[in-house]
Amino acid sequence: MHILEDILAHNLFIVFCGSAASRISAEKGCYYSGPGNKFWDQFSRMTGSDRIVPGSIEDCRIVLQYRIGLTDLNKTESGSDKSLSKEQYDRERFIRVMLDYAPQYIVFNGKAAAYHALRKRTISYGMQSEMIGESSVFVAPSTSGLSAKDWKSHGEACWGRIGEIYRQLKEGECESGMP
1227 MHILEDILAH NLFIVFCGSA ASRISAEKGC YYSGPGNKFW DQFSRMTGSD RIVPGSIEDC
1287 RIVLQYRIGL TDLNKTESGS DKSLSKEQYD RERFIRVMLD YAPQYIVFNG KAAAYHALRK
1347 RTISYGMQSE MIGESSVFVA PSTSGLSAKD WKSHGEACWG RIGEIYRQLK EGECESGMP
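Residue numbers in the sequence shown follow our numbering, run continuously in steps of one, and reach 1405 at the last position.
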């Protein structure tokens, strides 16, 4: 059984993929619920929406209105990256689902998720040379409050770039006349 269900649809601009739900996110049944997590603030900046503080998985579905999806690689455990079992990262499920939904971008929320999905020894922040199907891949510092060091050095720049990518995709949609 999955701790947090995927929030996905076809024709998405971006799917954000984390390692697993935090302990607090698992308890609340809501993505990125930890007290120091910056995801929803970054989401609001990126989309230009009002600040969102979801309290349930149903509230998290608002991301679909912005053509954004949410998932994790480890769907059966919760906690910090260090507390998770390597065996529970389900790369095959993740790849299969991403190939099916084919978002324009997959953004890994933290290097741990990217490491397990891409199977690379060294991961750098930013755009990656590999793609997953037709989806471009970007690695961003984790929005978790536990990742303050990486956030301080790379967070604002990487998440700012994700915002630029999102706005370009949105503008391209408007120019093409698509809904």
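Heads up, the beta-carbon is just placed ideally off N, CA and C, and yes, glycines get one too.
**Item:** Outcome for Met-1324 when other beta-carbon atoms lying within 10 angstroms are tallied against a minimum of 16
**Value:** By the neighbour-count criterion, in which a residue is buried when 16 or more other Cβ atoms sit within 10 angstroms of its Cβ, Met-1324 is buried.
**Asked** Can you check whether the CB of Ala-1339 is closer than 7 Å to the CB of Cys-1243?
**Response** Against a cut-off of 7 Å, the Cβ pair of Ala-1339 and Cys-1243 comes out as a contact.
**Message:** What would DSSP say about Tyr-1351, mapped onto helix, strand or coil?
**Reply:** Coil at Tyr-1351, not helix or strand.
**Request:** Identify which residue in Leu-1344, Asp-1285, Asp-1232, Trp-1377 has its Cα closest to the Cα of Gln-1268.
**Result:** Gln-1268 has its Cα closest to that of Trp-1377, out of Leu-1344, Asp-1285, Asp-1232, Trp-1377.
**Asked** Where does Ile-1321 land, buried or exposed, given buried means 16+ other C-beta within 10 angstroms?
**Response** Counting of Cβ neighbours within 10 angstroms places Ile-1321 among the exposed residues, the total staying below 16.
**Asked** Can you round the beta-carbon distance between Val-1289 and Leu-1299 to whole angstroms, since I take them to be within the 8 Å contact cut?
**Response** Not a contact, Cβ separation roughly 18 Å.
**Prompt:** Arg-1293 and Phe-1239 look like a contact to me (Cβ under 8 Å); what is the Cβ gap, rounded to whole Å?
**Reply:** Contact annotation, Arg-1293 with Phe-1239: C-beta distance approximately 4 Å; criterion of less than 8 Å satisfied.
**Asked** Is Cys-1256 helix, strand or coil when you go by DSSP?
**Response** If DSSP states are grouped into helix, strand and coil, Cys-1256 belongs with coil.
**Prompt:** Comparing alpha-carbon positions, which option in Asp-1285, Ser-1275, Leu-1234, Thr-1273 lies nearest Ser-1251?
**Reply:** Ranked by Cα distance from Ser-1251, the options Asp-1285, Ser-1275, Leu-1234, Thr-1273 are led by Asp-1285.
**Prompt:** Going by beta carbon distance, what residues of the same chain come within less than 7 Å of Met-1357, once the five residues before and after it are set aside?
**Reply:** Cβ neighbours of Met-1357 beyond the five flanking positions: Val-1363.
**Request:** For the alpha helix (DSSP H) holding Ser-1170, just list the boundary residues, first then last.
**Result:** Since the displayed the chain opens at 1227 and closes at 1405, residue 1170 lies outside it and no answer follows.
**Asked** Would you say Asn-1263 and Ser-1370 are within 7 Å of each other, going by their C-beta atoms?
**Response** The answer is yes: Cβ separation under 7 Å.
**Candidates Arg-1345, His-1228, Leu-1234, Val-1241, of which the one nearest Ala-1247 by Cα** = Among Arg-1345, His-1228, Leu-1234, Val-1241, the Cα nearest to that of Ala-1247 is on His-1228.
**Item:** Whole runs of the alpha helix (DSSP H) within the segment 1288-1347, excluding any shorter than 4 residues
**Value:** Counting only runs of 4 or more, we get 1317-1327, 1337-1344.
**According to DSSP, residues forming a beta bridge with Gly-1371** = In the DSSP assignment, Gly-1371 is bridged to no other residue.
**Request:** Step through the CB atoms of chain B and report whether any lies within less than 7 Å of the CB of Pro-1261.
**Result:** Absent here is chain B; the protein component of the structure consists of one chain.
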